[in-house]
Structure formats: C-alpha cells, structure tokens
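Here the structure is laid out as structure tokens; the discussion comes afterwards.
Numbering (my numbering), first residue to last: -15 to 125.
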C-alpha cells in the first residue's frame, strides 16, 4: 500500500508513533518531516522471505562456476541471469545504452528465486556446462 501525505497533512500524527517505536531513528524521521515541504510518500509492505540460505549457497556457488566457464565475473553472470529470468529494460545513459533487470534477486520470494536457479541451470546447459539439479525444498511463503 502506498500513501501520499501532501503538504505534511497528517505527517506528524504518523511519524510520532514511529519515533516511539524506533527511537534510534527518531532524529532522522523528524528531519525528514521538517525537510518535506510538499509532503511525504509512505509505503507499507509485508515482510517476505526472499530466499532460503540453501538456495543462496547453491546459486552463488554455481553462478560463480558457470561465470568462470564462460569468461565472465560472478556479478556479470548474476546480472545476465536476472535479465533472462525476470526480463530487462534498456536505459539510455550519457555513456550509452545499458540493460537492467526488471527485478533484483533481493526483491523476489522463495518461489521466484527458484526460477532464477532454473534459469541458471537451463542457460548453463545451453552452453554445455553441467549444473547439478537443485534439491527440492519445502516452500512456506
């Protein structure tokens, strides 16, 4: 859910309880309130488990091995797999066009992270690099 509080209408009523909940960030919240003459944008999301540690270890290991095999860095391969798994957009910059993934791995849940792992396995197979199948994991999302 997203909320726009324009011209600081209601901002104090919302930020004050947040200051009480997070006293270590109260100064930062109050500075935000003072600097936001036009208002603030508030977004509320549920916390989702982004991936399991088993998924993370498996993906990092085999992404790195496959990257070495094709002459890329781990980060380059990760970006490529993100673009293939989740789609990409072309962005014009002053240094030329770049391709960016539509989603980052940190933004996806356990199930979508599995599709990133599947993309790694399929892409590697296309280039004759064997990535062993990931073990089936019970997913509670």
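Using N, Cα and C, we set each Cβ at its ideal position, and we do this for glycine too.
Contact check, residue i vs residue j under 8 Å by CB: the rounded distance?
i, j, result
"residue 72", "residue 83", "5 Å"
"residue 24", "residue -5", "6 Å"
"residue 108", "residue 70", "About 18 Å; that fails the 8 Å criterion."
Under three-state DSSP, which class holds residue i?
i, result
"residue 81", "strand"
"residue 86", "coil"
"residue 70", "helix"
"residue 123", "The pLDDT assigned to residue 123 is 45, lower than 50, so where the model puts this residue is not dependable, and the model offers no usable value."
"residue -14", "strand"
"residue 23", "strand"
"residue 76", "strand"
"residue 107", "helix"
"residue 59", "helix"
"residue 1", "helix"
"residue 148", "Here the chain covers residues -15 to 125 and nothing more, so residue 148 does not appear."
At the level of alpha carbons, what is the spacing between residue i and residue j?
i, j, result
"residue 67", "residue 0", "41 Å"
"residue 18", "residue 11", "11 Å"
"residue 95", "residue 114", "22 Å"
"residue 119", "residue 90", "21 Å"
"residue 75", "residue 64", "15 Å"
"residue 35", "residue 56", "24 Å"
"residue 97", "residue 22", "38 Å"
"residue 112", "residue 59", "21 Å"
"residue 116", "residue 45", "11 Å"
"residue 80", "residue 99", "30 Å"
"residue 86", "residue 93", "15 Å"
"residue 40", "residue -7", "43 Å"
"residue 78", "residue 7", "42 Å"
"residue -9", "residue 20", "8 Å"
Indicate whether residue i and residue j have their beta-carbon atoms separated by less than 7 Å.
i, j, result
"residue 47", "residue 5", "no"
"residue 43", "residue -2", "no"
"residue 13", "residue 2", "yes"
"residue 53", "residue 26", "no"
"residue 28", "residue -15", "yes"
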